[in-house]
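Some notes on the structure that comes next.
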Amino acid sequence: MTTTIIGFPRIGEFRDLKFTTEKYFRNEIDEKKLTEEGKLLRKKHWELLKNEGLDTIPSNDFSFYDTFLDTAVLFNIIPKKVQNSSLSTLDRYFALARGHQSEEIDIKALPMKKWFNTNYHYLVPTFEKEQEIKLVGTKIIDDYVEAKELGIETRPTIIGPFTLIQQANFEDGLTKKEILPFLIAAYEDLFKALNTQGVQWLQLDEASLVTDLTSEEIALFNEIYTQLLSKKSNLKVLIQTYFGDVRDIYSDLIKHNFDGIGLDFIEGEKNKELVSTGFPGNITLFAGVVNGKNIWRNHYQKTIELINSLKVKNLVLTTSCSLLHVPFTTENETFEPKIKKHLAFAKEKVHELNELNQILANENPEALNLNNQLFETERFTQNSFIKEQVDSLTKDDFIRQPAFSEREKIQQEVFSLPILPTTTIGSFPQTKEVKQIRSKFNKQEITEKEYVDYLEKRTIDWIRWQEEVGFDVLVHGEFERNDMVEYFGQHLDGYIFSKNGWVQSYGTRGVKPPIIWGDISRNSAITTKWSSFAQENTEKVIKGMLTGPVTILNWSFTREDISLKESTLQLALAIQEEVLDLEKHHIKVIQIDEAALREKLPLRKSDWYSNYLNWAIPAFRLVHSKVQPSTQIHTHMCYSEFTDIITAIDNMDADVISFEASRSNLEILDELKRQNFQTQVGPGVYDIHSPRIPNVLEVEETIRKILAKVPSQKVWINPDCGLKTRGEFETKASLEVLIEATKRIRKELLDDTK
Ligand code: GLN
Ligand code: ZN
Numbered sequence: 089m090t091t092t093i094i095g096f097p098r099i100g101e102f103r104d105l106k107f108t109t110e111k112y113f114r115n116e117i118d119e120k121k122l123t124e125e126g127k128l129l130r131k132k133h134w135e136l137l138k139n140e141g142l143d144t145i146p147s148n149d150f151s152f153y154d155t156f157l158d159t160a161v162l163f164n165i166i167p168k169k170v171q172n173s174s175l176s177t178l179d180r181y182f183a184l185a186r187g188h189q190s191e192e193i194d195i196k197a198l199p200m201k202k203w204f205n206t207n208y209h210y211l212v213p214t215f216e217k218e219q220e221i222k223l224v225g226t227k228i229i230d231d232y233v234e235a236k237e238l239g240i241e242t243r244p245t246i247i248g249p250f251t252l253i254q255q256a257n258f259e260d261g262l263t264k265k266e267i268l269p270f271l272i273a274a275y276e277d278l279f280k281a282l283n284t285q286g287v288q289w290l291q292l293d294e295a296s297l298v299t300d301l302t303s304e305e306i307a308l309f310n311e312i313y314t315q316l317l318s319k320k321s322n323l324k325v326l327i328q329t330y331f332g333d334v335r336d337i338y339s340d341l342i343k344h345n346f347d348g349i350g351l352d353f354i355e356g357e358k359n360k361e362l363v364s365t366g367f368p369g370n371i372t373l374f375a376g377v378v379n380g381k382n383i384w385r386n387h388y389q390k391t392i393e394l395i396n397s398l399k400v401k402n403l404v405l406t407t408s409c410s411l412l413h414v415p416f417t418t419e420n421e422t423f424e425p426k427i428k429k430h431l432a433f434a435k436e437k438v439h440e441l442n443e444l445n446q447i448l449a450n451e452n453p454e455a456l457n458l459n460n461q462l463f464e465t466e467r468f469t470q471n472s473f474i475k476e477q478v479d480s481l482t483k484d485d486f487i488r489q490p491a492f493s494e495r496e497k498i499q500q501e502v503f504s505l506p507i508l509p510t511t512t513i514g515s516f517p518q519t520k521e522v523k524q525i526r527s528k529f530n531k532q533e534i535t536e537k538e539y540v541d542y543l544e545k546r547t548i549d550w551i552r553w554q555e556e557v558g559f560d561v562l563v564h565g566e567f568e569r570n571d572m573v574e575y576f577g578q579h580l581d582g583y584i585f586s587k588n589g590w591v592q593s594y595g596t597r598g599v600k601p602p603i604i605w606g607d608i609s610r611n612s613a614i615t616t617k618w619s620s621f622a623q624e625n626t627e628k629v630i631k632g633m634l635t636g637p638v639t640i641l642n643w644s645f646t647r648e649d650i651s652l653k654e655s656t657l658q659l660a661l662a663i664q665e666e667v668l669d670l671e672k673h674h675i676k677v678i679q680i681d682e683a684a685l686r687e688k689l690p691l692r693k694s695d696w697y698s699n700y701l702n703w704a705i706p707a708f709r710l711v712h713s714k715v716q717p718s719t720q721i722h723t724h725m726c727y728s729e730f731t732d733i734i735t736a737i738d739n740m741d742a743d744v745i746s747f748e749a750s751r752s753n754l755e756i757l758d759e760l761k762r763q764n765f766q767t768q769v770g771p772g773v774y775d776i777h778s779p780r781i782p783n784v785l786e787v788e789e790t791i792r793k794i795l796a797k798v799p800s801q802k803v804w805i806n807p808d809c810g811l812k813t814r815g816e817f818e819t820k821a822s823l824e825v826l827i828e829a830t831k832r833i834r835k836e837l838l839d840d841t842k
C-alpha cells in the first residue's frame, strides 16, 4: 500500500504566503520577489511531505489566491476585457480575485462563494459567449517541472471539468451543452501537454459528485468522461471526490476508464456500503481515511478495521479532503502535553498516514499501541452539571411565549418606533488605531484602564454620532471585540485557543477557529459591560450584540465524543444566560447573530432537516425562549440565500431579522411574501463589502422595491452587514445617505395616508 494526500495548506507554516502577497499588494515587493517566495514555499512543502515519508506528493495545490480561479485562468474562462488588458499575467489574475481600478481599466472582482460545506471561499468565474475556451496557461506544468527538478515526481491536481461547470456561473442564454465540446477539448490539450512532460498521474477534483445529481447531470458527467478518458494515452487519471458520498453516481463512476477513484470515508460514510457492492480490480481506490477537516489524532485501530473491511485489491491511503482546511502544524503550539498529544494538524496527519501504512504492513506495532493508549482515557473535560442541564431540557424550553403576533403588538407599544425604524448590524470601523491599542493592551504596553478608557471614548463618540444623524435603535460599536467567535470563546469554559492555528478562508484571509475542549459554560459575563455602558449614555434604545450558538459552533473546531447537537445546546444555554443577564441590565433589544447558520447545512437536501435544521433552529430558540415579551430579539445573517429554508428561518422565532439583500437583487423578497414570512425584516439597503458610497436616490429605490413586497410595518432599514472592515469616512457618509433616503420615503408614506 502507498500513501498520499489530496492537497496541503499553501499559506505556509506562519502564513508566509499571506504576508508576502499582501506586501506585493501594497507595492512593497515586486512580482519577481513574490514569484520567488512562492517557489521557496512550494519547495519547502514538497520536501516536508517527502521527509514525512509520503509516497506520492501532489502539485498545483499551491495557489496565489484560489485553485478554482487558477483553473479558470488556465482555460481562459475570464472576461474579454481582462484578457485584452495590458496587465501582467499575475496582475490580471489578482485583478479577477480582488478587482482593479486604473485609468486604463476598471475590473470588478469575481464573486466569492462558500466551497461546499467548508469555510473556504472560492472565486466564481462566468462562462461567457465571447470567450474562447482553450488551454492558455502553464502553471500546472511549471509546478510539475519545478518539483521534478528537485527530484520529486508529483501528481498534478486540478479542478475537474464537471465541478468546473457545476460551480461556475453562466452568462444568460449560454448553456452547459454549448460550451461542453470546447471545454473537453481544452482538458484534452492539457492531457496532451502533461503526457509530453512525462507526467504519470493527474488528479481531477470532482467534489460536485457528492451532491444530489439529476439524471441530466449524470448524463453530462458520462458524456464528459467517455470522451476525455479516450484521450488520456499514458496518463493515469485519478478522479478525486470529497466532503461526502457518491451515491448518485457510483455505478457510473466505476464503469469509466479511470485509473484511480478517490472516496471520502469520513464524511461519506455511505461510500463504504457502495464499495462493498463491488469495486473494479483494475482501478486503484484512494481511500480517504484520515480526516482532512478536524484537528484530532486518527484512531488507528478503527481506521485499520475500516480499511480491512473494504476488501479492495489496489489501495492508496489518503486524507478525506485537502489538508487546506486544517492548520499547518501543532509544533508551534504551546498546549500542555496532555492536550497536544491529541492534536493533529496538516503535518501530523501526513505522519499518521505513514504510520498507518506501516502498521498495515505489520511494521510498526509500537505506533499502534501508543495510539490505542491515546483513546483509552477520557480526553475532553466533562461537566456533569451541564450535561444534566441539557438532558433535562423540555419542549417548553424551546418555545417563547407569547406567540410572535402577540409580542409584536406589545413591542410596538413599548418602543413606539417610527415607521421604517433604522439601525445598523453592530460593529463600526475597527480602524488601525483601534487594532493598535488592542494589540498594545495584549502586549501589556498599556494598562487595562488606558485600554478601557479608549474604548469608552470611541463608544460614546459613535453613540453621539448615531443620535445626531438620527438612528432609532443604536449599537455600541463592538470596539472591544477582535472577532465575533473568539471573543465569546474567551468567556466560556470548555474552549482552548491555538496560537498559529490559521486556516485559509479566502485569498490572503485566514481564520483561527477556537477549539472546543470540553463541556461548555459561561464563566463570566460577556457583553453586559459594554451594552449597559452604552445604554447609560443615551436616551435612545441600545441593541445588545451577541453571537448565536450555531455560528459559534460552526466557526469552532468541534469535539468528537459528543454530537454537534449536544455541543450547540451547551452553547445555547451559555448564551441564554448572557441574554437574561442583558435583560437584567436593562437592555431591551438584543441581536443574536447567526452569520454562519448555513455553514453546516448538509450538501444533500434530504439531510437538511433530519441532520441539521431540526436541532440548529431549536438551539437558537432556546437562547431567547425565556425573555420578556417586550424584549425585542433580532438576528442577522450575512447572506440572503435562504429562499430554500425560509420556513426554518421563520421558525427561529426572532422578532426581527436583518440580512444581505443589496447584491442579490432582492429576489428573496418575493419568496418572503409567497411564504407569508412573519418575522420583521431588515434587508440590507446597501452593500458594505465595497467602499463605494451609495447615493440617496439609489437607496430610496431599494427601499421602494422592498416596500413593494413587504408591508411597511414589517420593514427595518439597515446596511447589509457589520461595518468593522470599512473606513470611517465612507461609513459615515453611507449611513447618512441611508437616513436621508429613509426620511424621504417616510414622508411619502405619510403623504399617501393623508
Ligand atoms: N454584529 C456583527 C458585526 O456587526 C455581525 C458580523 C457578521 O454578520 N459577520 O460585526
Ligand atoms: Zn453579516
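Under the working numbering, the first residue of the sequence shown carries the number 89, and numbering increases by one thereafter. Every residue, glycine too, gets a C-beta built ideally from N, C-alpha and C.
What do you reckon, are the CB atoms on residue i and residue j nearer than 8 Å?
i	j	result
residue 149	residue 318	no
residue 664	residue 701	no
residue 277	residue 147	no
residue 830	residue 510	yes
residue 526	residue 570	yes
residue 647	residue 604	yes
residue 190	residue 255	no
residue 408	residue 354	yes
residue 721	residue 742	yes
residue 384	residue 441	no
residue 471	residue 655	no
residue 262	residue 213	no
residue 565	residue 620	no
residue 661	residue 477	yes
residue 426	residue 418	no
residue 356	residue 332	yes
residue 896	residue 823	Outside the modelled stretch of the chain, which goes from 89 to 842, sits residue 896, for which no answer is possible.
residue 221	residue 281	no
residue 336	residue 371	no
residue 362	residue 338	yes
In chain order, what residues of the same chain have a beta carbon less than 7 Å from the beta carbon of residue i, not counting five sequence neighbours either side?
i	result
residue 131	238
residue 468	605, 606, 647, 649
residue 794	754, 757, 771, 803
residue 143	90, 91, 92
For residue i, which option in the options has the closest C-alpha, if you only look at C-alpha atoms?
i	options	result
residue 134	272, 435, 494, 655	435
residue 539	687, 486, 662, 522	522
residue 403	389, 417, 376, 236	376
residue 449	392, 462, 771, 781	392
residue 507	183, 817, 791, 593	791
residue 325	289, 333, 311, 315	289
residue 784	796, 557, 199, 826	826
residue 208	405, 153, 611, 823	153
residue 735	761, 749, 719, 167	761
residue 748	764, 725, 759	725
residue 707	483, 437, 312, 433	483
residue 739	576, 670, 492, 658	492
residue 104	668, 715, 595, 512	595
Would you list the one or two residues that DSSP bridges to residue i?
i	result
residue 147	244
residue 610	580
residue 200	211
residue 592	598
residue 405	91, 375
Leaving out five residues on either side along the sequence, give the residues of the same chain with a beta carbon under 8 Å from the beta carbon of residue i.
i	result
residue 573	601, 602, 635, 639, 640, 643, 644
Within a Cβ cutoff of 6 Å, which residues of the same chain sit near residue i, ignoring the five residues on either side of it in sequence?
i	result
residue 518	812
residue 631	561, 563, 677, 679
residue 589	415, 600
residue 495	717
residue 821	781
residue 327	292, 294, 346, 349
Checklist entry - When a residue counts only if its C-beta is closer than 6 Å to some heavy atom of the ligand GLN, which residues count, in chain order? => result 513, 514, 515, 566, 572, 633, 681, 683, 724, 726, 809, 810, 812
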